[in-house]
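FYI, in mature numbering (1 follows the signal peptide of the UniProt record, and there is no 0) the residues of the sequence shown are -27 to -1, 1 to 168.
Scroll down for the structure; my scribbles are underneath it.
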Amino acid sequence: MTRQLPRLGAALVIASAALLVSACGSADPDAAATPETSATSPAPEPTQPEQTPEPAPAGEEADPTCETIIDATTVADFESIGWTSRTDPFYVGSHEMTDGISCVWANFDAPASDHLQLFGWARNDDSEARAAQDELVGQGWIREEAPEGVYITENPQTTIATDDQGYGMTYLFADGSVKLADTKQGLLLITWPKG
């Protein structure tokens, strides 16, 4: 009989523990008993065939957006790492280019950091371009003429982030427009206007 008592006590402890574990892990009885259903209704039948919009003629493109001024692959790469874009007014120095867009791509849900990319594009005329360039050069930016246009880039002595060639934030003025990127190499990612 003395051997039976410890076995009975151990059995009671195990049974109690099993009861407690199963009580803690039980699901809501209503949730298990009620299957999920969703209401469906028949799809309406189209009255007319859908028409594909015609592409805009050259020179009449839609307004640029943060998703269209850079190539789709770059947008997909940014989105794959959780980045989104923020649209800001486009400035060259103190000159606001009202017919343009400036985009910051970053993870805005993460703590603030300097991990971001900046792109911009705007239309401008020759007088706007010249005034903006003169202001930047007057502030110590460097002007470089090239076959593709005029580059205005940050002074390397004050640049925070640079590309492989040592260029920081850079504007490219060409053919009635100006592009902006946080590095000169970044300008290559701007594909606006399309076509």
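In this text, a Cβ means the ideal position worked out from N, Cα and C, and glycines have one as well.
Per DSSP, Asp61 forms a beta bridge with which residues? Taking the first residue of the sequence shown as position 1, residue 61 is located at position 88. Asp61 pairs with Ser75.
Between which residues of its own chain and Phe146 is the CB-CB distance below 6 Å, once the five residues before and five after are set aside? In the sequence shown, counting from the first residue as 1, residue 146 sits at position 173. Cβ neighbours of Phe146 beyond the five flanking positions: Ala102, Gly122 and Val123.
Secondary structure, alpha helix (DSSP H): runs of 4+ residues fully inside the stretch 97 to 146: 99 to 111
Could you give the distance in angstroms between the alpha-carbon of Thr57 and the alpha-carbon of Gly113? Counting from 1 along the sequence shown, the entry for residue 57 is found at position 84. Counting from 1 along the sequence shown, the entry for residue 113 is found at position 140. Roughly 32 Å between the two C-alpha positions.
Helix, strand or coil for Phe81 per DSSP? Here residue 81 refers to the residue found at position 108 of the sequence shown. Reduced to three states, the DSSP call for Phe81 is coil.
Asp107 to Gly55, Cα distance in whole Å? In the sequence shown, residue 107 corresponds to position 134, counting from 1. In the sequence shown, residue 55 corresponds to position 82, counting from 1. In a straight line, the C-alpha of Asp107 is about 38 Å away from that of Gly55.
Assuming contact is defined by CB atoms lying nearer than 8 Å, are residue 238 and Ile125 in contact in what I supplied? As displayed, the chain neither begins before -27 nor continues past 168, which places residue 238 out of reach and without an answer.
Does the stretch 87 to 95 come into contact with the stretch 60 to 79, if we say contact requires no fewer than three beta-carbon pairs (one atom in each stretch) closer than 8 Å? yes
Continuous beta strand (DSSP E) stretch holding Ala45: start and end: As a working note, residue 45 is residue 72 in the sequence shown. Here Ala45 belongs to no beta strand (DSSP E); instead the alpha helix (DSSP H) covers Ala45 to Ser53.
Apply the 10 Å Cβ neighbour rule to Leu153 and answer buried if 16 or more other Cβ atoms are within range, or exposed otherwise. Your numbering for residue 153 matches position 180 in the sequence shown. Its Cβ being crowded by 16 or more others within 10 Å, Leu153 is buried.
Straight-line CA distance for Val65 to Leu109? Within the sequence shown, the letter at position 92 stands for residue 65. Within the sequence shown, the letter at position 136 stands for residue 109. Roughly 8 Å between the two C-alpha positions.
Does the distance from the CB of Thr164 to the CB of Tyr140 come in under 8 Å? For the purposes of this step, residue 164 is taken as the residue at position 191 of the sequence shown. For the purposes of this step, residue 140 is taken as the residue at position 167 of the sequence shown. Not in contact: Thr164 and Tyr140 (Cβ atoms no closer than 8 Å).
Extent of the continuous beta strand (DSSP E) run through Ser86: The residue labelled residue 86 in the question sits at position 113 within the sequence shown. Where Ser86 is concerned, there is no enclosing beta strand (DSSP E), given that its DSSP letter is neither H nor E.
Per DSSP, which residues does Ser150 bridge with? Please list them. As a position in the sequence shown, residue 150 is number 177, starting the count at 1. Ser150 is bridged to Arg96 and Ala147.
Please classify Ala79 as buried or exposed, where buried requires at least 16 other C-beta atoms within 10 Å of its C-beta. As a working mapping, residue 79 is identified with position 106 in the sequence shown. Label assigned to Ala79: buried.
Separation of Gln90 from Pro84, as counted between CA atoms: On the sequence shown, position 111 is the one that residue 84 refers to. On the sequence shown, position 117 is the one that residue 90 refers to. For Pro84 and Gln90, the distance between alpha carbons rounds to 16 Å.
Buried or exposed: where does Pro120 fall if 16 or more other Cβ atoms within 10 Å of its Cβ makes it buried? Indexing the sequence shown from 1 puts residue 120 at position 147. That one is exposed.
Counting only the same chain and skipping the five closest in sequence on each side, list residues whose C-beta sits under 8 Å from that of Thr135. In the sequence shown, counting from the first residue as 1, residue 135 sits at position 162. These residues qualify, in order along the chain: Pro129, Gly141 and Thr156.
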